[in-house]
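Participant: The numbering used here runs 75 ahead of the 1-based position in the sequence shown.
One structure coming up, written as structure tokens, with questions to follow.
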Amino acid sequence: MTERLTVSNRLENLKLLQDYIARWARERGFSQNRINALKMVAGKIFRHLVNQAYEPDQPGSITVSLDEKGARVRLMFEDDAPPYNPTSLNTKPPAGANVSSPPLVDLQQLADSLIYYRTADRKNRLVLFFTP
């Protein structure tokens, strides 16, 4: 069964997200290195969504789910921000953007695969499969 966490699009929810990921990974016996890798990737994506996908002060929600798929982990983010180009996850933010974190590392190098799509109910889904 897939576990999910849904939080509002506020940076103070990053700790809730990281605690959720750490608990999920510890329950499955992941090493601390794997836990740290999961938290790093999820934290960078979460910050990106909050700081760049949503307009300033635009309310919204972000749902994160984790699944173990053999040796790989599926990490999925679902949000209600306007549609965005997932390649923007790998680039520096535009000048003047509300950013409190450095640009993301190239997710294609971390992930075995990365899928982005927009659902019929106007949600963005970003799905990463990777071996942390």
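Ideal Cβ placement from N, Cα and C applies to all residues, glycine included.
Tell me which residues share the same chain as Ala-156 and place their Cβ nearer than 7 Å to its Cβ, disregarding the 5 neighbours each side in the sequence.
Facilitator: The answer, listed in chain order, is Leu-124, Ala-128, Tyr-129, Gly-135, Asn-199.
Participant: Go ahead and pull the three-state DSSP assignment for Glu-102.
Facilitator: It is helical.
Participant: In its own chain, which residues sit with a C-beta less than 7 Å from the C-beta of Trp-99, not counting the 5 before and 5 after it?
Facilitator: Here the set comprises Glu-78, Leu-141.
Participant: Under the three-state reduction of DSSP, which class applies to Leu-87: helix, strand or coil?
Facilitator: First, the amino acid is wrong: residue 87 is Glu here, not Leu. Correct three-state label for Glu-87: helix.
Participant: Assign Ala-170 to one of two classes, buried (16 or more other C-beta atoms within 10 Å of its C-beta) or exposed (fewer than that).
Facilitator: In this prediction, Ala-170 scores a pLDDT of 49, lower than 50, which makes its location untrustworthy; the coordinate-derived value is nonetheless stated afterwards. That one is exposed.
Participant: State yes or no: is the C-beta of Arg-149 within less than 8 Å of the C-beta of Phe-204?
Facilitator: The answer is yes: Cβ separation under 8 Å.
Participant: Cβ of Leu-92 within 8 Å of Cβ of Ala-117?
Facilitator: Yes; because the gap between Cβ atoms is below 8 Å, this pair is in contact.
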